[in-house]
Amino acid sequence: MDDAPHIRRAVAEALDVWSRSSKLTFREMRSDQADIQVLFARGDHGDGYKFDGPGKVLAHAFFPGVGRSGDAHFDADEKWHFTRGPKGKDETNFLGAAIHEFGHSLGLSHSSDQNAIMYPWYRDEVDINLPADDRNAIQQLYGSKEKTWGRFTPPTRPRPPLTTTTTTRRPLVYRPQYPYNEPYDPHHRNTHYRTRPTTTTTTTYRPPRTDSPPQPTRSPYPRRQSTKPKKLKPDTCHTTYDAISIIRRELFIFRGQFLWRIGDRGLYAGYPTETRRLWAQLPENYSKIDAVYENKDRKIVFFIGRYYYVFDSVTLVPGYPQPLTSLGLPSSLTHIDAAFVWGHNNRTYLTSGTLYWRLDEDTGRVELDYPRDMSIWRGIGYNIDAAFKYSNGKTYFFKGYGYWEFNDDLMEVAHPRPKLSARKWMNCPRLVNEVDEEQTWTAPLISERNGTMVLRMSSSAASWNHVERGMLLWITLVLVSRWFWTDITSSTV
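Numbers given in my numbering equal positions in the sequence shown, counted from 1, plus 4.
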């Protein structure tokens, strides 16, 4: 590719714009395992968001996370201008587009500030010094540069020579060295448009970001030994859960001021970590997250004491926190035990003590004929610790060190005794001499031994006829109850 040296230089310069205003540093890698991969492609290029040729959509990028996350794709059909020299009439400034897309790769949403780099519309002018809106946003995620006395220009090293070939188009790859990963939103594609459309579109944008408070004049991470007691991390395999939820298709488990993050490949390395490293605008002095869930608008809602906080990705939505009373909850309510979307009807429920409410997401208030008693969720009990809907559509309730799977058809727990949470959700090993309590009812009724079918019967079973009649009666009751509950559940819970 003839433009490869110019592209490589422009990519490095675009990343440097973000690095100069944050603690981020970048290094180039000749590997396809980098966190940010830069690709030029035409039309349908395998990510479900095909390009449209010259004009309109210039590029798109994905938020940080796993897989394709963090990557930036540019439309190869555009007439890109890669150098600092005079630009042709129909050419598009690559540096400006790259700075914008890499902002998405690092976790930033669009901004409503027309002077911001993250404003969603393309401009020919390029300012390599970040405007205040973008600078505040990147520093909220990754912190600001350490303060130094006077001007300091780091020494530069000559770049290694680039070997190019006309037979392959290997994407440029860079690995950002940032302290943590942000939640990945695979459904959100950040698209950069060349011109503002003249007709009404259905494209939606995230709400404006609020400016962060002024940065302190001293380093936020003092080097001297602090007298503040160090926070003790919870034991991954021996702890209770304060809150649990699926956020951006990943499982987040909260305990105290810490969280675990679990993806397709299991628990992320380096966890648990402090929750405020991802959501820095949560209050500094909170003791725990009472409940959390992702609403239908893909906003993340945290409940802490008498207040709740709404985040767009990692940015607090303007106007929050709000008191629980703004949801129509009683002023006597001190906290929420759990918040979850029930898989049976996709409605949002809040629990506290012996009561629960159903939240109308359209009005932002609980429905009028609530609260109701938690006893309708048979087998769960009162004062639960957490609840959530898993990716399989099933709802799970947590209390102490155990959990229950809930049977939506029967409106009761799928197993009377709780199962150990750490084994299933944290993949913790079995303890020595540990016996699963649920084995007493999950063992198969019939097994094969030496070619003979053997019926597993308790000592109280008198004969096959008794068991046969009992099984038939049980099956009949299940069928009737499924029909009955399916008909009335949605309107009564």
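Don't be surprised by glycine CBs; every beta carbon is placed ideally from N, CA and C.
Take the alpha-carbon of F98 and the one of Q143: they are about 24 Å apart. In this structure, DSSP gives P276 a state outside helix and strand, which the three-state scheme calls coil. Contact annotation: A65 and A80 have beta-carbon atoms that are not nearer than 9 Å.
Look at E365 here: in three-state DSSP terms it is coil, with no helix or strand label. In this structure, the beta-carbon distance from K27 to S109 does not fall below 9 Å. Shown here, G111 sits in coil according to DSSP, grouped into three states, outside any helix or strand.
Contact annotation: V345 and I384 have beta-carbon atoms that are not nearer than 9 Å. When beta bridges are read from the DSSP output, W429 appears opposite no residue. About 10 Å separates the Cβ atoms of W264 and T279, ruling out a contact at the 8 Å cut-off. Assignment of Y386 by DSSP, reduced to helix, strand and coil, places it in the coil class. In this structure, N431 and G270 form a Cβ contact; the two beta carbons are roughly 6 Å apart against a cut-off of 8 Å.
In the DSSP assignment, I142 falls within the unbroken alpha helix (DSSP H) covering 136-146. Judged by DSSP secondary structure, S356 falls within the beta strand (DSSP E) whose first and last residues are 351-356. Taking I248 as reference, the option from Q37, P68, L328, W429 with the minimal CA-CA separation is W429. Counting along the chain, V61 sits inside the beta strand (DSSP E) bounded by residues 61-65.
In terms of Cβ geometry, R310 and L328 form a close pair [threshold 9 Å].
When the five nearest sequence neighbours on each side are left out, the beta carbons in the same chain lying within less than 8 Å of the beta carbon of K54 are those of G47, D48, in order along the chain. Scanning K235, R421, K393, A120 for the CA closest to the CA of K403 turns up R421. Distance from the CA of W22 to the CA of G107, rounded to the nearest whole angstrom, comes to 8 Å.
Secondary structure note for R12: its alpha helix (DSSP H) is the uninterrupted segment 8-23. Buried is the label assigned to R139, since at least 16 other Cβ atoms lie within 10 Å of its Cβ. Of all alpha-carbon atoms in D373, R382, W408, the one lying nearest the alpha-carbon of A390 is that of W408.
Residues of the same chain with a CB within less than 8 Å of the CB of A426, apart from the 5 flanking positions on each side, are T240, C241, H242, T243, Y405, C432 in chain order. In chain order, F67, P68, L145, E186, S317, V318 place their CB closer than 8 Å to the CB of G111, counting only its own chain and leaving out the 5 sequence neighbours on each side. In the structure shown, G92 falls within a coil segment according to DSSP collapsed to helix, strand and coil.
When secondary structure is reduced to three states using DSSP, G267 falls in the strand class.
Where L43 is concerned, the enclosing beta strand (DSSP E) starts and stops at 40-45. Check the Cα spacing between S356 and each of D294, P322, D412, Y324: the tightest is with D294. C-alpha of S336 to C-alpha of P135: approximately 45 Å in a straight line. Distance between R351 and D6, taken at the CA atoms: about 55 Å. Here K93 is exposed, its C-beta having fewer than 16 other C-beta atoms within 10 Å. Sixteen is the threshold: since fewer than 16 other Cβ atoms of the shown chains lie within 10 Å of the Cβ of I132, the residue is exposed. Per DSSP, W381 lies in no beta strand (DSSP E) and is assigned neither H nor E. The DSSP-derived three-state label of A76 is strand.
Membership of G57 in any beta strand (DSSP E) is not indicated, and neither H nor E is assigned to it by DSSP. Judged by DSSP in its simplified three-state form, L424 adopts strand.
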